[in-house]
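K.L.:
Position 216 (the sequence shown) corresponds to 797 in our numbering; numbering is contiguous. Don't be surprised by glycine CBs; every beta carbon is placed ideally from N, CA and C. The structure that follows is given in the form of structure tokens.
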Amino acid sequence: MKWKQPLLSLKPYQPGRTIEEVKKQYNLEEIVKLASNENPFGCSPKAAGAIRDFSSLLSLYPDGYATKLREAVASHLQVRVEQLIFGDGSDELIQIISRALLHSGTNTVMAEGTFSQYKHNAVIEGSEIREIPLVDGAHNLPAMLAAIDENTSVVWLCSPNNPTGVYINRDEIVAFISKVPKDILVVLDEAYFEYVYAEDYYDALALVREYENMIVLRTFSKIYGLASLRVGYGIANEAIINVLDPARPPFNVNALAQAAAIEAIKDQDFVTRCREANIKGLEQFYQFCEEHQLSYYRSQGNFILIDFACDGNEVFQFLMERGYIVRSGVPLGFPTFVRVTVGSREQNEGVISKMKEFLAAKATLA
Ligand SMILES: *Cc1c(COP(=O)(O)O)cnc(C)c1O
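Listed below in structure tokens is the structure:
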């Protein structure tokens with residue numbers, strides 16, 4: 582077969598063990614999954630209500646333009662409907678952007694220690710990848726700027742950054758974007774935007790108005806609690822959307838996802854409640870880290886990356902055997918860390934008590 586060569590360097594997706602398998606293996610009654618930054622409070626009851634009576638419509642193709650969802654999102658954000666593109670999750674938008682702009686002979690600039698899909702898609706497209714190490718969990722924007730040359734097609738920014746939770750502030754992002762050549766697309770992935778509370782956070786939509794070479798990605802998977810339905814969207818000026826849209830499969834966002842997302846975006850009270858609970862949840866983890874002198878990054882997302890100063894897989898394994906699934910930092914490029922999704926207050930207390938047991942066990946061994 583005449584495969585694209587770079588594809589042969591990638592491994593097939595390795596599914597993690599299911600919750601049922603883990604329960605059985607370790608003889609656990611209950612498992613709390615704090616591994617994928619899902620919303621511990623589920624989704625808005627209004628969103629769930631929207632898909633309950635859907636069975637009679639399953640035989641129909643979805644609206645390929647997601648017209649009603651488009652109108653709901655445009656109205657919420659105060660942008661024009663022509664400024665939006667919808668994806669089967671923002672993952673698909675990353676794929677569409679990569680397909681539209683990357684190929685061998687181009688290069689793409691991103692942080693090292695960020696969301697894995699930017700690199701994954703760039704590899705498939707045969708683009709050269711320029712990864713710039715984070716500094717204290719933050720994008721090193723001056724170094725990223727220096728890495729740009731005439732063959733650069735796309736620059737990826739993730740704010741708040743997954744997995745560190747560190748954000749880019751207003752002055753930093755303006756200083757950066759204003760210096761990026763206008764024929765290079767800056768992708769600003771804001772999957773955790775609705776969780777942000779920092780006062781010097783920028784207004785991404787104002788940046789889209791000012792800079793014609795920028796697209797902002799957001800998702801219904803995180804605070805909106807609709808990860809299983811797969812809806813993400815991009816916001817940019819019309820000229821960018823017009824070129825990207827033909828690279829989008831025609832029925833990429835399914836009808837249930839559209840129906841639920843329309844109700845979800847209308848229920849901003851749910852979003853506010855989740856953001857406030859998350860801020861309190863982060864405090865629980867900060868306090869634990871301070872008490873035990875563990876380094877961590879202050880996060881603007883619904884997750885926290887904690888340095889246990891030992892093999893992250895070991896912490897992961899210890900917690901899993903006790904009913905808590907977190908993410909080891911090893912595959913994320915942070916080998917001594919684990920990333921924990923902020924859960925409900927009780928879930929946070931639970932995982933923190935097991936982390937304390939881990940530290941106590943380590944101390945006795947030492
Ligand atoms: C979760 C996540 C996504 C993917 O979101 P989907 O809309 O579910 O595909 C994209 N970017 C970042 C940084 C994420 O953490």
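Could you spell out where the alpha helix (DSSP H) holding R811 opens and where it closes?
P.N.:
Numbered from its first residue, the sequence shown carries residue 811 at position 230. Per DSSP, R811 belongs to no alpha helix (DSSP H) and is neither H nor E.
K.L.:
Let me know if Q898 comes out buried or exposed under the rule of 16 or more other beta-carbons within 10 Å of its beta-carbon.
P.N.:
Here the question's residue 898 lines up with position 317 in the sequence shown. Counting Cβ neighbours within 10 Å, Q898 comes out exposed, since fewer than 16 surround it.
K.L.:
Note down the Cα distance separating M936 from I887, rounded to an integer number of angstroms.
P.N.:
The residue you call residue 936 lines up with position 355 of the sequence shown. The residue you call residue 887 lines up with position 306 of the sequence shown. Using only the alpha carbons, I get a separation of about 11 Å.
K.L.:
Measuring CB to CB, does I816 end up less than 8 Å from N794?
P.N.:
Translated into the one-based positions of the sequence shown, residue 816 becomes position 235. Translated into the one-based positions of the sequence shown, residue 794 becomes position 213. The answer is no: Cβ separation not under 8 Å.
K.L.:
When you measure from the CB of F696 to every non-hydrogen atom of ligand 1, does any distance come out below 7 Å?
P.N.:
In the sequence shown, counting from the first residue as 1, residue 696 sits at position 115. Yes, since a heavy atom of ligand 1 falls inside the 7 Å radius drawn around the Cβ of F696.
K.L.:
Less than 8 Å between the C-beta atoms of V907 and L615, yes or no?
P.N.:
Looking up residue 907 in the sequence shown gives position 326. Looking up residue 615 in the sequence shown gives position 34. Cβ atoms of V907 and L615: closer than 8 Å.
K.L.:
Please report how far the alpha carbon of S934 lies from the alpha carbon of T695, in whole angstroms.
P.N.:
Position 353 of the sequence shown, counted from the start, is the residue given in the question as residue 934. Position 114 of the sequence shown, counted from the start, is the residue given in the question as residue 695. One C-alpha to the other measures close to 29 Å.
K.L.:
Contact defined as beta carbons within less than 8 Å: I believe N688 pairs with E673. What is the distance between those atoms, to the nearest angstrom?
P.N.:
In the sequence shown, the residue the question calls residue 688 occupies position 107. In the sequence shown, the residue the question calls residue 673 occupies position 92. 23 Å between Cβ atoms; not a contact.
K.L.:
By Cβ distance below 7 Å, which residues in the same chain neighbour G904 in space, the five residues on each side in sequence not counted?
P.N.:
Position 323 of the sequence shown, counted from the first residue, corresponds to residue 904. Answer for G904: L609, E611, I612, V613, listed in chain order.
K.L.:
Drop a sphere of 10 angstroms on the beta-carbon of D781, count the other beta-carbons inside from all chains shown, and report buried for 16 or more, exposed for fewer.
P.N.:
Translated into positions along the sequence shown, residue 781 becomes position 200. Its Cβ having fewer than 16 others within 10 Å, D781 is exposed.
K.L.:
For I758, which residues of its own chain have a beta-carbon under 7 Å away from its beta-carbon, when the five flanking residues on both sides are left out?
P.N.:
Numbered from its first residue, the sequence shown carries residue 758 at position 177. Excluding residues within five positions, the ones whose Cβ falls inside 7 Å are V767, L788, Y792, M795.
K.L.:
For a test of the three-state rule: what should DSSP assign to E619, helix, strand or coil?
P.N.:
The count along the sequence shown starts at 1 and reaches residue 619 at position 38. Looking at E619 - three-state DSSP - the assignment turns out to be coil, as it is neither helix nor strand.
K.L.:
Taking 7 Å as the cut-off, is the CB of N618 close to at least one heavy atom of ligand 1?
P.N.:
Taking the first residue of the sequence shown as 1, we reach residue 618 at position 37. Within the cutoff, so yes.
K.L.:
Is the distance from the Cβ of L638 to the Cβ of V654 below 8 Å?
P.N.:
Looking up residue 638 in the sequence shown gives position 57. Looking up residue 654 in the sequence shown gives position 73. Contact flag unset, no.
K.L.:
Can you tell me the Cα-Cα spacing of V713 and A629, whole angstroms?
P.N.:
Numbered from 1 along the sequence shown, position 132 holds the residue referred to as residue 713. Numbered from 1 along the sequence shown, position 48 holds the residue referred to as residue 629. Residue identity differs from the one stated: residue 713 is Ile in this sequence, not Val. Computed Cα separation, rounded: 41 Å.
K.L.:
In chain order, what residues of the same chain have a beta carbon less than 6 Å from the beta carbon of W737, not counting five sequence neighbours either side?
P.N.:
If you number the sequence shown from 1, residue 737 lands on position 156. So the list reads M691, Y699, V768, once near-sequence residues are dropped.
K.L.:
List in chain order: all unbroken alpha helix (DSSP H) runs of 4+ residues lying wholly within the segment 730 to 784.
P.N.:
Listed in chain order, the complete alpha helix (DSSP H) runs (minimum 4 residues) inside the segment 730 to 784 are 751 to 758.
K.L.:
Give me the residue from I678, E693, P596 with the minimum Cα distance to P830.
P.N.:
Taking the sequence shown and counting its residues from 1, one reaches residue 830 at position 249. With distances taken between Cα atoms, P830 lies closest to I678.
K.L.:
Using C-beta distances below 6 Å, list every residue in its chain close to A890, excluding the 5 sequence neighbours before and after it, in chain order.
P.N.:
Along the sequence shown, one-based indexing puts residue 890 at 309. Closer than 6 Å at the Cβ level, and outside the excluded window around A890, lie T917.
K.L.:
With burial defined as no fewer than 16 other Cβ atoms inside 10 Å of the residue's Cβ, what is the status of M582: buried or exposed?
P.N.:
Here residue 582 is taken as the residue at index 1 of the sequence shown, counted from 1. Counting Cβ neighbours within 10 Å, M582 comes out exposed, since fewer than 16 surround it.
K.L.:
Can you look up R711 in the DSSP assignment and give me helix, strand or coil?
P.N.:
Taking the sequence shown and counting its residues from 1, one reaches residue 711 at position 130. Strand at R711.
K.L.:
T745: beta carbon under 7 Å from a heavy atom of ligand 3?
P.N.:
With respect to small molecules bound, the structure shown includes ligand 1 and not ligand 3.
K.L.:
Take E706 as the anchor and find which of F884, S617, L682, A728 has the nearest alpha-carbon.
P.N.:
Within the sequence shown, numbered from 1, the residue matching residue 706 stands at position 125. When only C-alpha atoms are compared, the closest one is L682.
K.L.:
If you draw a straight line from the alpha carbon of N742 to that of P643, how long is it in whole angstroms?
P.N.:
On the sequence shown, residue 742 is found 161 positions in, with the first residue counted as 1. On the sequence shown, residue 643 is found 62 positions in, with the first residue counted as 1. Going from the Cα of N742 to the Cα of P643 covers about 33 Å.
K.L.:
Name the residue from L825, V797, A840, V824 whose alpha carbon lies nearest to the alpha carbon of R811.
P.N.:
Your numbering for residue 811 matches position 230 in the sequence shown. Per the Cα distances, A840.
K.L.:
Might you give, ordered along the chain, the residues of its own chain that have their beta carbon closer than 6 Å to the beta carbon of L900, omitting 5 neighbours on each side?
P.N.:
Here residue 900 refers to the residue found at position 319 of the sequence shown. Hits under 6 Å: V907, K935.
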